[in-house]
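Protein chains in written order, with the UniProt record's numbering: chain A, 1 to 330; chain B, 1 to 330.
The beta-carbon is built from N, C-alpha and C at its ideal position, and this holds for glycine as well.
The model shown is predicted, which means the values in this text are computed figures rather than measured ones.
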């Protein structure tokens, strides 16, 4: 076993202890699995809460802080958090202005966030929900009816986080989140399988020299497998799938995301090919982010996410953010 | 081959094209392999230049920007850059206040930066040099006489970058850099071998279930191999080696660094164990940084770096920095 862990059962709790120790600006409830920005609730501000299975770090815990999420609830590895976590998170961050739940489209997450919404509302918290279903590779998948939610989540959380930080009311924050979700598209590629602590080895078999086009962030099957492709060929395949679906009429935000085990050196080279492929299809790129943001443990591979951006989107994207994984501005 | 590349010969050039496309705040000379902050030279400011083999990203290119490096020179993968790159970088960023070269202790890097210093001085640039040799695992190694330079480089570049940004003269910037180098110690552990593009596969053989304690960032041999160890046992081994050597009398800056392929979820769990191991040895931690900063392509594993910190060190560490990989502000 090539993992840096104590025992599989304690992986998530250990990571939360590490986050608590490294980030004094966060309050981490290791027992109940809730990560909250220390200054929450922020008076008058709509709060953003997200969560999902662990193994996709820095998503979501690394995005908690001013300008993005107010709280995150990590589940077990590749497993939805439970409604109790979400309700606790909502109660911890609600200032009275309401809470937006950002939900990736996986059946467990959707059901649990629905239940949490009902429970939180019974406790007097106003709740809105946005569903992220941006992965164009396949419709319906191992854990999903419809499209999977992947890299677009970063755009939804950043853009809605910025408008919430600026003092917008719940309806407006939810609207910005929904538009970001509607305008985002992702496509992922695996060059190797991830290994989960519970299994102690790869979750599927991908022979060396093969890659899987359209992979999900839990290793769900994609569109097809192929033999070796160059970085440029992969970029063309992914960009073609994205542009065909999104048909952007405005410049895009571009996320070139690593799945976990692909070196940053290779990701930047891939980013150059993605930009070339977009240029050839006359899609202008307004902003580019390259790095490991929505990962799948130690999966080798990458994903590309586009978000069609108007002037307001660019303003919200450029607005200051201060989280463990995403930080810029004054 | 499980790499996201076009052809091995073009990996570094492709990555530089990607950096140019993603970071308008940098000027990237893809042909001559120099990365420069766009506002350089900054009037009256001492400039910091570093460089080394590629494959350790975000080091060094990801650390170019206000508050840290003025320029970086990437060599081929795991190969020193050439003096010509360093001289060009120095000329591009020197405002007349002089240039500090930050050099990791590998024979090729040391010789090439020495030659570059002479050449730059002939062109009228005042040059100082600091050598980083922080890896306590072994003395003398595959590419090194003495100790290897690894994670401590991040502390040297951040602390010296902050004092340079504040307007200190060259002698003072060099002194801060040397003290940071003297007070830094690193220890690395491999759970798997990295694969280089040129080789197309692992650079050494590490049987599954074994790990190498004291690994270098190019896969140079460490102290010993062992069978499976828990995250806590690895933390104790690394921290013991570091504390025995450094014997810190003041709180430390702590870097819990990923080598490339180890998930952030595991790194945070390891960070909790490192903090526990330090606490048990009565070493106080003033600041903690967790992530992939000084990598070895897709090597699975981690390293721990400590830097003994006085009040001034903490002020310099907390000072604003704005680079691709390290960014915080007021």
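Got a sec, what are the start and stop residues for the alpha helix (DSSP H) residue 163/B sits in?
In the second chain, counting from the first residue as 1, residue 163/B sits at position 163. Here the alpha helix (DSSP H) through residue 163/B covers 152 to 165.
Three-way DSSP call (helix, strand, coil) for residue 187/B in this model:
Translated into positions along the second chain, residue 187/B becomes position 187. Here residue 187/B carries a strand assignment [DSSP, helix/strand/coil].
Determine the contact status of residue 12/B and residue 54/B, defining contact as a CB-CB distance below 8 angstroms.
Stepping through the second chain from its first residue, residue 12/B is reached at position 12. Stepping through the second chain from its first residue, residue 54/B is reached at position 54. Against a cut-off of 8 angstroms, the Cβ pair of residue 54/B and residue 12/B comes out as a contact.
Using 8 angstroms as the limit for Cβ to Cβ distance, is residue 257/B near chain A?
One-based indexing of the second chain puts residue 257/B at position 257. Answer no: the Cβ-Cβ gap between residue 257/B and chain A never drops below 8 angstroms.
Please report whether the beta-carbon of residue 268/B lies at a distance below 8 angstroms from any beta-carbon of chain A.
Taking the second chain and counting its residues from 1, one reaches residue 268/B at position 268. Answer yes: the Cβ-Cβ gap between residue 268/B and chain A drops below 8 angstroms somewhere.
With distance defined between alpha-carbon atoms, name the residue in 280/A, 254/A and 281/A nearest to residue 268/A.
The residue you call residue 268/A lines up with position 268 of the first chain. Of 280/A, 254/A and 281/A, the residue nearest in Cα terms is 254/A.
So the alpha helix (DSSP H) residue 256/A belongs to, where does it begin and stop?
As a working note, residue 256/A is residue 256 in the first chain. Unbroken run through residue 256/A is the beta strand (DSSP E), 252 to 258; no alpha helix (DSSP H).
Residue 135/A versus residue 104/A - alpha carbon distance
Counted from its first residue, the first chain places residue 135/A at position 135. Counted from its first residue, the first chain places residue 104/A at position 104. Rounded to the nearest angstrom, the two C-alpha atoms are 10 angstroms apart.
Would DSSP call residue 131/A helix, strand or coil?
On the first chain, residue 131/A is found 131 positions in, with the first residue counted as 1. Looking at residue 131/A - three-state DSSP - the assignment turns out to be strand.
Could you check what DSSP says for residue 124/A in three-state terms: helix, strand or coil?
To locate residue 124/A, count along the first chain from 1; it is residue 124. In this structure, residue 124/A counts as coil in the three-state DSSP scheme.
Contact list for residue 327/A against chain B, beta-carbon separation under 7 angstroms
For the purposes of this step, residue 327/A is taken as the residue at position 327 of the first chain. Here the neighbours are 327 and 328.
Can you tell me which of 260/A, 96/A and 270/A puts its alpha carbon nearest to the alpha carbon of residue 167/A?
Position 167 of the first chain holds residue 167/A. Selected option, being the one with the closest Cα: 96/A.
For residue 123/B and residue 87/B, what's the separation of their Cα atoms in angstroms?
Numbered from its first residue, the second chain carries residue 123/B at position 123. Numbered from its first residue, the second chain carries residue 87/B at position 87. If I take the Cα positions, the gap works out to 9 angstroms.
Cα-Cα separation, residue 142/A to residue 219/A
Taking the first chain and counting its residues from 1, one reaches residue 142/A at position 142. Taking the first chain and counting its residues from 1, one reaches residue 219/A at position 219. Computed Cα separation, rounded: 9 angstroms.
Going by the DSSP bridge assignment, what does residue 101/A pair with across the sheet?
For the purposes of this step, residue 101/A is identified with residue 101 of the first chain, where counting begins at 1. Residue 101/A is bridged to 49/A and 129/A.
Closest by CA to residue 257/A, which one among 23/A, 106/A, 300/A and 156/A?
Mapped onto the first chain, residue 257/A falls at position 257. Taking only the C-alpha atoms, the option nearest residue 257/A is 300/A.
Straight-line CA distance for residue 75/B to residue 101/A?
Walking along the second chain from the start, residue 75/B turns up at place 75. Walking along the first chain from the start, residue 101/A turns up at place 101. Each residue's alpha carbon lies about 46 angstroms from the other.
Inter-residue CB distance, residue 259/B and residue 307/B (contact presumed, cutoff 8 angstroms)
If you number the second chain from 1, residue 259/B lands on position 259. If you number the second chain from 1, residue 307/B lands on position 307. Going by Cβ atoms, the distance from residue 259/B to residue 307/B rounds to 19 angstroms, so no, they are not a contact pair.
Check whether the Cβ of residue 290/A lies closer than 8 angstroms to any Cβ atom in chain B.
Here the question's residue 290/A lines up with position 290 in the first chain. At least one CB atom of chain B sits nearer than 8 angstroms to the CB of residue 290/A.
Run through DSSP, which three-state label would residue 321/A get?
Against the first chain, residue 321/A aligns to sequence position 321. Residue 321/A: strand per DSSP, three-state reduction.
Counting contacts by CB-CB distance shorter than 8 angstroms, is residue 105/A in contact with chain B?
Within the first chain, residue 105/A is the residue found at index 105, counting from 1. The beta-carbon of residue 105/A is placed no less than 8 angstroms from the nearest beta-carbon of chain B.
Residue 150/A and residue 274/A look like a contact to me (Cβ under 8 angstroms); what is the Cβ gap, rounded to whole Å?
Locating residue 150/A in the first chain gives position 150, counting from the first residue. Locating residue 274/A in the first chain gives position 274, counting from the first residue. Actually they are not in contact, since the Cβ atoms of residue 150/A and residue 274/A sit about 16 angstroms apart, beyond 8 angstroms.
Chain B contact for residue 8/A (CB, 8 angstroms cutoff):
Position 8 of the first chain, counted from the first residue, corresponds to residue 8/A. It does not; no Cβ of chain B falls within 8 angstroms.
Continuous alpha helix (DSSP H) assignments of at least 4 residues falling wholly in the segment 178 to 249 of chain B:
For the segment 178 to 249 of chain B, whole alpha helix (DSSP H) runs of length 4 or above, ordered along the chain, are 231 to 246.
For residue 3/A, does the three-state DSSP call read helix, strand or coil?
For the purposes of this step, residue 3/A is taken as the residue at position 3 of the first chain. Three-state result, residue 3/A: coil.
Outcome for residue 181/B when other beta-carbon atoms lying within 10 angstroms are tallied against a minimum of 16:
For the purposes of this step, residue 181/B is identified with residue 181 of the second chain, where counting begins at 1. Buried, by the Cβ-count rule.
Cutoff 6 angstroms; reference residue 89/B; Cβ partners in own chain excluding five residues on either side:
Along the second chain, one-based indexing puts residue 89/B at 89. The residues are 34, 49, 71 and 73.
Here's the rule: buried if 16 or more other CB atoms are within 10 angstroms of the residue's CB, otherwise exposed. What is residue 320/B?
Taking the first residue of the second chain as 1, we reach residue 320/B at position 320. The residue in question, residue 320/B, is exposed, as its Cβ has fewer than 16 Cβ neighbours within 10 Å.
Does the beta carbon of residue 284/B sit closer than 8 angstroms to a beta carbon anywhere in chain A?
For the purposes of this step, residue 284/B is taken as residue 284 along the second chain, with counting starting at 1. No - not a single Cβ of chain A is within 8 angstroms of the one on residue 284/B.
Going along the chain, which residues of its own chain have a beta-carbon closer than 7 angstroms to the beta-carbon of residue 56/A, five neighbours each way excluded?
For the purposes of this step, residue 56/A is taken as the residue at position 56 of the first chain. Same-chain partners within the cutoff: 217, 294, 295 and 296.
Verify whether the separation of the beta carbon atoms of residue 120/B and residue 127/B is less than 8 angstroms.
Residue numbering aside, residue 120/B sits at position 120 when the second chain is read from its first letter. Residue numbering aside, residue 127/B sits at position 127 when the second chain is read from its first letter. Yes; because the gap between Cβ atoms is below 8 angstroms, this pair is in contact.
Integer Cβ distance of residue 174/A from residue 45/A, believed to fall under 8 angstroms:
Start at 1 with the first residue of the first chain, and residue 174/A comes out as number 174. Start at 1 with the first residue of the first chain, and residue 45/A comes out as number 45. Going by Cβ atoms, the distance from residue 174/A to residue 45/A rounds to 14 angstroms, so no, they are not a contact pair.
Along the chain, where does the alpha helix (DSSP H) that runs through residue 29/B open and close?
Here residue 29/B refers to the residue found at position 29 of the second chain. Element bounds for residue 29/B: not the alpha helix (DSSP H) but the beta strand (DSSP E), 26 to 29.
Check the C-beta distance from residue 266/B over to residue 26/A and give it rounded, since I have them as a contact under 8 angstroms.
Along the second chain, read from residue 1 onward, the residue named residue 266/B stands at position 266. Along the first chain, read from residue 1 onward, the residue named residue 26/A stands at position 26. Rounded, the Cβ-Cβ distance is 19 angstroms, inconsistent with contact.
Opposite residue 308/A in the DSSP bridges: which residues?
As a first step, residue 308/A is located in the first chain; it is residue number 308 there, counting from the start. In the DSSP output, where bridge partners are listed per residue, residue 308/A has 252/A.
Is residue 94/A buried or exposed, if buried means 16 or more other CB atoms sit within 10 Å of its CB?
Here the question's residue 94/A lines up with position 94 in the first chain. Counting Cβ neighbours within 10 Å, residue 94/A comes out buried, since at least 16 surround it.
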